[in-house]
Amino acid sequence: MTRLHVLLLGLLLAETAVGGYLVVRRVGQPLPPMPDLTSVEPLTAREIREQAAKCRNASEWQKLGEMYLATGFFPEAEACLRYAATLAPGDASVAFQHAFALERLGKLPEANSQYESAIRLGHPRAADCWYYIGKNHLRLEQEKPAAAAFKQAGNLPGARFELALLEARAGRTEQAQNEARRLAEAHPNAYPPAGLLHRLALFRNDEAAADLWADQFVRRPRPLPTPLDTEVDWIFGVANQLGQNRLFGEAAADVRAGQLASALGRLLSAQEARWEPKIADRMTEVVLALNRPDEAAPILLETIDRAGPSFERLWQLGKVRPAQALEYWERAARLASGPQACGLWGDLAKRHQQAGNESQARMCQARQELAAGVAELEAGKSSEATAALERAVKADPQLAHAWFYLGEAHRAANRKSQAR
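The numbering used here applies: residue 403 is where the sequence shown begins, and numbers increase by one.
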């Protein structure tokens, strides 16, 4: 055998050894799950595939699991987070996320086991883990372990409320009422304690208290804070860093920084991947901010054709096509509702005044004041709401909605006789 043959044989053996190592390494680690991504917008689908291709350690598997959670592929998310947990058995955050993914699949005992692992591993949100454990026990109709878990959660408002519900269910209505009152005082914008107090008052046949808490219930717009708020922010945060959503968010940041041309470029890139109405709507806003109304009209017309009319789109179309403004705005008015329509009604009122249609102008002014009054009422400004709503009923005494909200404004200010 010549020296050249010896060298070639050595090279082949070396390549075989390296190749064998790579095969063993690949066989020793499972391939990441890959769902059908045809329904996912192309930029996000590409980023998921890229992340799956580079999964080598626990953090990369964890990141892929988060991406699957954010895009609704829960079985794939659970599989990735389960494998991440095997690679990093001492990582409390991975155990917590794996538990959360198991919950999404309805595997509640397994989820509780992982939440308990996260607690043992020193997760900083141990109280939140106990809250989730308690909720899962409730779903399994296991009230005693649920109550024990909620007590472990300490002072969490959501856990305290669940305990109050359990007390009420067990007939310990005084304890339930006391806890609900404490929660109602500590969280004046939260409706769940008011709802429970209303039901407890009905149970006692206390009509006055029931009426009081029913009134409070409709005036409290928020739920109680729970640990799920944090998870919602986490999942939406991941989703907003993917594909079109990332470009959309970056465009919004550009707009805030006054970099409108850059924002428009990002929106165009996002729209090239897959047409979406929210991106088209934002493009309209940007080109109008750039003072290019001729470019806004075709975007608006395409959006209306593909996604349907909304009062905002028709209102904007009237602004960029002033000769047809009245036609578009009257169409918009048939779709308009709520405080956000205040500007539309104001524009319609001005246009009717210019045309000499005084009765139509007054009707639109009344609806403009109604929208403004509802906005003030929702903001808790009863005095400002009362003033706007009084102007509304003066402009159009037949506007029943304005009379209703005027009564609500008086009631919010504790002017009960005027409310009636």
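For glycine and all other residues, C-beta sits at the position ideal for the given N, C-alpha and C.
For Thr-446, the closest of Lys-752, Gln-431, Glu-468 by C-alpha to C-alpha distance is Glu-468.
Distance check between His-803 and each of Lys-509, Ser-784, Glu-778, Ala-768 places Ala-768 closest, using alpha-carbon atoms only.
The shortest CA-to-CA distance from Leu-599 to any of Asn-591, Glu-480, Ala-611 is the one to Ala-611. C-alpha of Glu-780 to C-alpha of Leu-791: approximately 13 Å in a straight line. Just measuring C-alpha positions, the residue of Ala-727, Val-620, Ala-682 sitting nearest Arg-708 is Ala-682. Secondary-structure assignment with DSSP links Ala-592 through a beta bridge to Arg-624. In this structure, Leu-585 lies near Leu-626, with their beta-carbon atoms less than 9 Å apart. Cys-744: member of the alpha helix (DSSP H) spanning 744 to 756, first to last residue. Counted as a single uninterrupted DSSP element, the stretch harbouring Pro-435 is not any alpha helix (DSSP H), since DSSP gives it neither H nor E. Here the alpha carbons of His-754 and Arg-571 stand approximately 59 Å from one another. Comparing C-alpha distances from Ser-712 to each of Arg-733, Gln-726, Leu-692 shows the shortest one belongs to Arg-733.
Taking the C-beta atoms as reference points, Pro-444 is found no nearer than 9 Å to Gly-710. Looking only at His-525, Ala-672, Leu-567, the smallest Cα-Cα distance to Glu-545 is reached by Leu-567.
About 6 Å separates the CB atoms of Leu-702 and Arg-715; that is less than 8 Å, so the two are in contact.
For Ser-441, the number of other beta carbons within 10 angstroms of its own is below 16, and it is reported as exposed. Leu-483 sits away from Pro-434, with the two beta carbons spaced by 9 Å or more.
The criterion of a C-beta distance shorter than 9 Å is satisfied by Arg-562 and Glu-581.
Secondary structure note for Pro-547: its alpha helix (DSSP H) is the uninterrupted segment 545 to 554.
When the five nearest sequence neighbours on each side are left out, the beta carbons in the same chain lying within less than 8 Å of the beta carbon of Arg-451 are those of Met-436, Leu-439, in order along the chain.
Inside the segment 659 to 723, DSSP marks whole alpha helix (DSSP H) runs of 4 or more residues at positions 662 to 675, 679 to 691, 695 to 709, 713 to 722, from first to last along the chain.
The three-state secondary structure of Leu-558, taken from DSSP, is coil. For His-600, the three-state secondary structure derived from DSSP is helix. Arg-668 is the residue among Arg-676, Ala-675, Arg-668 whose C-alpha sits nearest the C-alpha of Val-688.
Between Thr-686 and Ala-698, the gap from beta carbon to beta carbon is short of 9 Å. The beta carbon of Gly-720 is closer than 8 Å to those of Gln-726, Ala-727, Leu-728, Glu-729, Tyr-730, Trp-731, Ala-734, Asp-749 in its chain, skipping five residues each way along the sequence. Per DSSP, Ala-725 lies in no alpha helix (DSSP H) and is assigned neither H nor E.
When rounded, the separation of the alpha-carbon atoms in Ser-664 and Arg-764 is 43 Å. C-alpha of Pro-477 to C-alpha of Leu-523: approximately 25 Å in a straight line.
Ala-490 carries a coil assignment under DSSP once its states are collapsed to helix, strand and coil. Contact between Ala-520 and Phe-498 is confirmed by a C-beta separation of about 4 Å, below the 8 Å threshold.
CA-CA distance, Gly-573 to Glu-609, rounds to 20 Å. With contacts defined as CB atoms closer than 9 Å, Ala-789 and Pro-741 fail to qualify as a contacting pair. In this structure Glu-771 does not touch Ala-743 by the C-beta definition: roughly 12 Å separates them, more than the 8 Å allowed. Contact between Ala-672 and Phe-650 is confirmed by a C-beta separation of about 6 Å, below the 8 Å threshold.
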